[in-house]
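**Student:** Chains as they are written, first to last, in our numbering: chain A, 1 to 272; chain B, 1001 to 1751; chain C, 2001 to 2160.
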């Protein structure tokens, strides 16, 4: 299958990308690696009239240690996250999770910014960004602004990005506690998670437990109150609203969230 | 030393590894220059009346050559079979994916754009999404029929199958779920009129059967049709002959006079290509507490999909093979074949036999669990012993040869079964989260069961090279390598000087082709017989040339020369003799018709780990004997076993075509249809075993489907075995994590 | 739009539709048909090629995105002298292909895998090929083929 016709525009700079987006208005879409958008376009579930290719903005591909945080350019590919020595030392959770996205071919193209901006609750990296308390930097016609990850995911495939706004950087504070875990549960390795649980210290986030990537607030409260991993994990499905679909029933997802949270907390504790 | 039975690497490989195969969509032939691209407009609704089709918007799109509907076709004859399948749907659609219209465009990308603009008005009807709804008969698929049951059949004893004398009788209804074949190359075809003949390039397993089907549907003399198979990217039974979609493409070429080409998308393939399996099975098994199975009965409801293409035939095979490898006092089976508003069912690797094996091998484990006996022991007690062959089963199949107990023992020994049981006991004792399950199947299947025979022609030319024309139509099996081995063995002409030709109805007018694991035993035997005739022709000519008695001549197969016995100086080459034979060289045709089918058998042991918290089952080892008689080339035979095993494992653990209650497919992409990948499989442990058959001179049985027949029940039995100590007695396939988890919960609640 | 892509070292320039997929560019504009298309959802990997040396699924890359870059396909694997790549040798020696349709993509995925991990374990090979479907081989001999390629195309000692 092939996408419906569209106009392809290539941005040479961030400013140019913003201009092209402003010109396209509601009919435009940014194209980074294209591995979320192009499959939807081939099935004609998405039919943008203008694609603004930001894939060549090399200035947005980097992983840097900055004052108190790690700065990751939005166009950094999953493959580069997976193999980053800096991340391996400072944010092993992110490197590990990036290495589980899709398959090697997808990781050679897909970008962290594309994954976050797509806002899919079944994707891994939104939950990772939540668990890491990331701050997302967006550029618009009127300049840059920072959005907390917890404020970023606003609905089903919806984010806080304004039309035409471009995600440029992900800032991740140095974790207070080193222990981390990512429990991704799939039928096949290449599948999206039926449920995933991300833990960094006392921060816990869930993959595919509702229409929006979410923190497991009940678990975090219990942990903060001194509960052990098993007791805290019992709260994993609180406040979640997982769908029933081809992959799993609601009850099974809730069960998996508890089991995987217990495992994640135990693994994270072992890494502290 | 004979080349037979040796490990010969494939001669097919160099081209495939360097330039890639030439599949139908790869053809860049002059006849296809400017060919129009065909896009099929398909029904998006499971059951509806078509009240109107407006093609005008599509026809106006730039690049559109034609938009065709059933109105452009000749009307079907009045008073025909009410359940007959049309080419394009006319007044009613019966499954999502059913072809409704064709769009022909100049460019490839214009096709989907134009297809979107074909406006079809549907008046929805209640859908029959599955077997249960079909049996109620509340909605009938075919007006004028009285029920959705289109065929029934029985084997062995009837409903009154005796269970007298049984200490234990168990009955259970299980699912043998619908699968999608998913050959990596979807369906594809190209067609062009050249002069007064129609040339078809088709991704098919059977060019000659395809020619017949197209000729019949289009009302053409078969002699006016040439069907060529380019490389074919997998078939697995789903590319037997051609189906209505492909015939529509051929018709479009005839109707418009344009050369046309078609390749479907995967999303079309998953709803438009036939599916396989799709049975609801009820087994009843009875026996004594000391492990003797006395009686077995299987009642099948076969979902045929929307039309009875092959569904009833598959169910017939299932009931024929229902008794499996067991020596039963009483046995019987029946089927009812129903139509539903789903994609039609036809052959998929195993085609009727995996269903039979899955039922009885599940029943045997169920029985073993009931009487508290090791399932290996129950099988030892009940399999047909070697001295009873040929053996006619309780359901009427006559098996040629088998060493069932020996196959089982080899597998158990190779796997170190006692050590695995000890490890299982240790984990149960420790209440480990990850439990171990061992699953056994001992199976038998039927190959070359169609009794259609196969053809071959062998020609030796004056350069001493041989050409083999074979009716078998390869799509990955390695026939070119295998047939060259046969001819080298027979004639002493080296493989490098042997060309194998298949898949062109002008070159091979009469043949059946490839399905049902028939090729080596029928097509291969025909090659050997044709070569044998050539050999006798050569002997006569050589005798004339050397002026010696025929009886004094010998063929030195190591050197590929004829000579007076013991006199190398008299040697004549194949080329010299072929030159003497005249302009056509040495040539012979052969057709081999076997007197009976053959019955490969084997034993599989699957070792599965089950995470009892999540329900996820992981296959960690798979050990098999797959005995298909004498092996020509172990490299090829092992490859067939590997592929078969993987597809069988996929049925046990992962794959399932699903529909919602309105008959909408839920698995129409490879994101949703969980085709098995490398990460879900271990390396397989194959144990060699060769029990020849007397049915053909090669002693060969079919190996293409055996692995699939054996692996599915072994893996499912292993999953259930892993959690049987928790009270689980059955899980329907595929044994997904959620189903295993639910089964554990249910068993705990019941305790 | 006009694109220029180096395919197996040959510069291919063409005026194409904006929506043209790289897979179709390779097959139609560059005329190299080893690269096959097996799905619509970036699932099967049959269309895998190397883009600047790394495996990508060419059905999910626009020709426009590859403009100015280097693509390597199955046809470009063997050396200029015709000598096969170790991965090709491995697939032949271990019977890692049957119908051949997945093979070009599978081999390109394997080439990329070995470039990143020259000495993989069996499990790493299986994980590294998770994005490529094969329906014929059960992956058994494909895995062996890639392991053989890691040993310069030489098969392992034992056989079965």
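Glycine residues also receive a C-beta, built at the ideal position from the N, C-alpha and C atoms.
Going straight from the alpha carbon of residue 1195 (chain B) to that of residue 8 (chain A), what length do you get?
**Tutor:** If you take the alpha carbons of residue 1195 (chain B) and residue 8 (chain A), they lie about 44 angstroms apart.
**Student:** Quick one: which chain A residues come within Cβ less than 8 angstroms of residue 1265 (chain B)?
**Tutor:** 1
**Student:** Taking 7 angstroms as the threshold (beta carbon to beta carbon), is residue 2130 (chain C) in contact with chain A?
**Tutor:** yes
**Student:** Consult DSSP for residue 1562 (chain B) and reduce its assignment to one of helix, strand or coil.
**Tutor:** strand
**Student:** Could you tell me how far apart the beta carbons of residue 1461 (chain B) and residue 1585 (chain B) are, in whole angstroms, since I believe they sit closer than 8 angstroms?
**Tutor:** 4 angstroms
**Student:** So, using beta-carbon positions, are residue 1094 (chain B) and residue 1657 (chain B) closer together than 7 angstroms?
**Tutor:** no
**Student:** Taking just the CA atoms, how far does residue 1686 (chain B) sit from residue 2160 (chain C)?
**Tutor:** Annotation note: pLDDT 39 at residue 2160 (chain C) (below 50); position unreliable, coordinate value reported separately. Cα-Cα distance, rounded: 7 angstroms.
**Student:** Buried or exposed for residue 1666 (chain B), please, with buried defined as at least 16 other CB atoms from any protein chain shown within 10 angstroms of its CB.
**Tutor:** exposed
**Student:** Helix, strand or coil for residue 1636 (chain B)? Go by DSSP, reduced to three states.
**Tutor:** Correct three-state label for residue 1636 (chain B): helix.
**Student:** Residue 1171 (chain B) to residue 1626 (chain B), Cα distance in whole Å?
**Tutor:** 29 angstroms
**Student:** Report the rounded CA-to-CA distance for residue 207 (chain A) versus residue 1520 (chain B), giving the unit in angstroms.
**Tutor:** 51 angstroms
**Student:** Excluding the five sequence neighbours on either side, which residues of its own chain have a C-beta within less than 8 angstroms of the C-beta of residue 1015 (chain B), listed in chain order?
**Tutor:** 1021
**Student:** Taking 7 angstroms as the CB-CB limit, is residue 1514 (chain B) close to chain C?
**Tutor:** no
**Student:** Going along the chain, which residues of its own chain have a beta-carbon closer than 6 angstroms to the beta-carbon of residue 190 (chain A), five neighbours each way excluded?
**Tutor:** 103
**Student:** Could you check if residue 1451 (chain B) is buried or exposed, using at least 16 other CB atoms within 10 Å of its CB as the buried criterion?
**Tutor:** Exposed, by the Cβ-count rule.
**Student:** Touch check for the region 1469-1485 of chain B and the region 1499-1515 of chain B: three-plus C-beta pairs under 8 angstroms?
**Tutor:** Remark: three or more beta-carbon pairs, one from each stretch, lie closer than 8 angstroms, so the region 1469-1485 of chain B and the region 1499-1515 of chain B are flagged as touching.
**Student:** Whose C-beta lies closer than 6 angstroms to the C-beta of residue 2025 (chain C) among residues of the same chain, with five residues either side of it excluded?
**Tutor:** 2063
**Student:** Tell me which residue opens and which closes the beta strand (DSSP E) that residue 2001 (chain C) is part of.
**Tutor:** First-last for residue 2001 (chain C): undefined, no H or E at that position.
**Student:** Give the C-beta separation of residue 1668 (chain B) and residue 1184 (chain B) to the nearest angstrom, bearing in mind that I take them to be a contact with Cβ-Cβ under 8 angstroms.
**Tutor:** Rounded, the Cβ-Cβ distance is 17 angstroms, inconsistent with contact.
**Student:** For the region 2120-2151 of chain C, list every residue whose C-beta sits within 9 angstroms of some C-beta in chain B, in sequence order.
**Tutor:** 2122, 2123, 2125, 2126, 2127, 2128, 2129, 2130, 2131, 2132, 2133, 2134, 2135, 2136, 2137, 2138, 2139, 2140, 2141, 2142, 2143 and 2144
**Student:** For residue 1028 (chain B), is the classification buried or exposed, using 16 other Cβ atoms within 10 angstroms of its Cβ as the cut-off for buried?
**Tutor:** exposed
**Student:** Can you say whether residue 6 (chain A) is buried or exposed, counting buried as having 16 or more other CB atoms within 10 angstroms of its CB?
**Tutor:** buried
**Student:** Bridge partners for residue 1466 (chain B) per DSSP, in chain order?
**Tutor:** B:1460 and B:1498
**Student:** Strictly under 7 angstroms for the Cβ-Cβ distance: is residue 1026 (chain B) near chain C by that measure?
**Tutor:** yes
**Student:** Round the Cβ separation of residue 253 (chain A) and residue 242 (chain A) to the nearest angstrom and send it over; I've been treating them as touching at under 8 angstroms.
**Tutor:** With a Cβ gap of about 4 angstroms, residue 253 (chain A) and residue 242 (chain A) count as contacting.
**Student:** Per DSSP, what kind of secondary structure is residue 2025 (chain C) in: helix, strand or coil?
**Tutor:** Helix.
**Student:** So, with DSSP's three-state summary, where would you put residue 1477 (chain B)?
**Tutor:** coil
**Student:** Using a C-beta to C-beta distance shorter than 8 angstroms, which residues of chain B count as neighbours of residue 249 (chain A)?
**Tutor:** 1738
**Student:** Looking only at its own chain, which residues have a Cβ that is under 8 angstroms from the Cβ of residue 1594 (chain B), when we skip the five neighbours before and after it?
**Tutor:** Taking residue 1594 (chain B) as the centre and dropping the five residues before and after it, the same chain places the C-beta of 1448, 1451, 1453, 1521, 1522, 1525, 1695 and 1696 closer than 8 angstroms to its C-beta, in chain order.
**Student:** Assuming residue 283 (chain A) is part of the beta strand (DSSP E), what are its boundary residues?
**Tutor:** Outside the modelled stretch of chain A, which goes from 1 to 272, sits residue 283 (chain A), for which no answer is possible.
**Student:** Specify, as a first and last residue, the run of the beta strand (DSSP E) that residue 1262 (chain B) falls within.
**Tutor:** 1260-1263
**Student:** Quick one: using the 10 Å Cβ neighbour count with 16 as the cut-off for buried, is residue 2011 (chain C) buried or exposed?
**Tutor:** By the C-beta density criterion, residue 2011 (chain C) is exposed, having fewer than 16 other C-beta atoms within 10 angstroms.
**Student:** Which partner residues of residue 65 (chain A) appear in the DSSP bridge assignment?
**Tutor:** Note: residue 65 (chain A) sits in a beta bridge opposite A:70.
**Student:** Just to confirm before moving on: does the CB-CB distance between residue 1503 (chain B) and residue 1136 (chain B) stay below 7 angstroms?
**Tutor:** no
**Student:** Would you call the region 1609-1616 of chain B and the region 1740-1750 of chain B in contact, with 3 or more CB pairs under 8 angstroms?
**Tutor:** yes
**Student:** Against chain B, does residue 2012 (chain C) count as a neighbour if the rule is that its beta carbon must be under 7 angstroms from one of theirs?
**Tutor:** no
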